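Here's the structure, in structure tokens; my notes come after.
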Amino acid sequence: MSELVKGMLEEDNEEEKVIEIPLPNVKSAVLRKVIEFCQHYQEEPMVEFKKPLKSGQMAEVVQKWYADFAVADEQVLLSDLILAANYMDIKPLMDLTGAAIAACMIRGEITDEIRAIGAKMFSPVDPYENVI
1 MSELVKGMLE EDNEEEKVIE IPLPNVKSAV LRKVIEFCQH YQEEPMVEFK
51 KPLKSGQMAE VVQKWYADFA VADEQVLLSD LILAANYMDI KPLMDLTGAA
101 IAACMIRGEI TDEIRAIGAK MFSPVDPYEN VI
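Residue 43 in UniProt numbering sits at position 43 of the sequence shown, and the numbers go up by one each step.
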């Protein structure tokens with residue numbers, strides 16, 4: 001699912017070796033949401049959807065679980081999920097979070113979170129910030 005993790009596991013393919021995977025750019029609360037997404041995706045893959053979106057309602061684009069997941073909660077912002085999905089190279093999560101931003105824009109909602117996404121995407125990142 002994560003091309004970053006997959007690549008690291010393939011590099012160190014010894015059976016008995018414990019592999020540490022550094023994720024300095026992913027906060028623990030965000031990682032929990034990423035794992036939740038990946039586990040659900042294994043059980044029920046997200047449907048492919050046409051891009052660009054024609055609707056601002058995520059429930060019309062993807063299954064209910066994914067639509068609900070895309071709504072940011074208090075601890076994990078959508079911007080953090082986008083950055084984690086990008087860093088960990090998880091295409092389905094990138095698609096979902098990108099679609100959620102597009103849906104907000106279709107509805108005409110330019111929220112502080114969407115502004116924060118732009119600020120985070122285009123600002124330098126300290127790889128040692130928020131180390132787990």
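Glycine included, every Cβ here is placed at the ideal spot set by N, Cα and C.
Predicted, not measured: the structure shown is a model, and the values here were computed from it.
For Ser79, which three-state DSSP category applies? As a working mapping, residue 79 is identified with position 79 in the sequence shown. If DSSP states are grouped into helix, strand and coil, Ser79 belongs with the helices.
Compare the Cα-Cα distances from Ser79 to each of Lys54, Glu43, Lys33 and Glu60 and report the closest residue. Start at 1 with the first residue of the sequence shown, and residue 79 comes out as number 79. Residue Lys33 is the option with its Cα nearest to Ser79.
Residues in its own chain within less than 8 Å of Thr97 by CB, not counting five upstream and five downstream? Within the sequence shown, numbered from 1, the residue matching residue 97 stands at position 97. Closer than 8 Å at Cβ, skipping near neighbours: Ala70, Leu78, Leu81, Ile82 and Ala85.
Would you identify the three-state DSSP class for Glu20, choosing helix, strand or coil? Counting from one through the sequence shown, the residue named residue 20 turns up at place 20. Correct three-state label for Glu20: coil.
Neighbourhood of Arg107 by C-beta distance below 6 Å, restricted to the same chain and skipping five residues each side: Here residue 107 corresponds to residue number 107 of the sequence shown, with the count starting at 1. Around Arg107: Gly56.
If you count every other CB in all the chains shown that lies within 10 Å of the CB of Ala99, and 16 or more means buried, which is it? Translated into the one-based positions of the sequence shown, residue 99 becomes position 99. It counts as buried.
Could you tell me the boundaries of the alpha helix (DSSP H) in which Lys91 lies? Locating residue 91 in the sequence shown gives position 91, where the first residue counts as 1. It spans Lys91 to Ile106 - the alpha helix (DSSP H) in which Lys91 sits, taken as one unbroken run.
Mind checking Ile90: buried by the 16 CB within 10 Å criterion, or exposed? By 1-based counting over the sequence shown, the position of residue 90 is 90. Ile90 should be labelled buried.
Roughly how many angstroms lie between the CA atoms of Gln63 and Met46, to the nearest whole one? Position 63 of the sequence shown, counting from 1, holds the residue named residue 63. Position 46 of the sequence shown, counting from 1, holds the residue named residue 46. Computed Cα separation, rounded: 7 Å.
Is Val26 buried or exposed, if buried means 16 or more other CB atoms sit within 10 Å of its CB? Locating residue 26 in the sequence shown gives position 26, where the first residue counts as 1. That one is buried.
Report the rounded CA-to-CA distance for Met94 versus Ile19, giving the unit in angstroms. Numbered from 1 along the sequence shown, position 94 holds the residue referred to as residue 94. Numbered from 1 along the sequence shown, position 19 holds the residue referred to as residue 19. Rounded to the nearest angstrom, the two C-alpha atoms are 25 Å apart.
Minimum C-alpha distance to Lys54 - residue among Leu4, Ser2 and Ala103: Translated into the one-based positions of the sequence shown, residue 54 becomes position 54. Among Leu4, Ser2 and Ala103, the Cα nearest to that of Lys54 belongs to Ala103.
Relative to the alpha-carbon of Pro22, which residue among Tyr66, Val5 and Glu60 has its alpha-carbon at the smallest distance? Position 22 of the sequence shown holds residue 22. With distances taken between Cα atoms, Pro22 lies closest to Val5.
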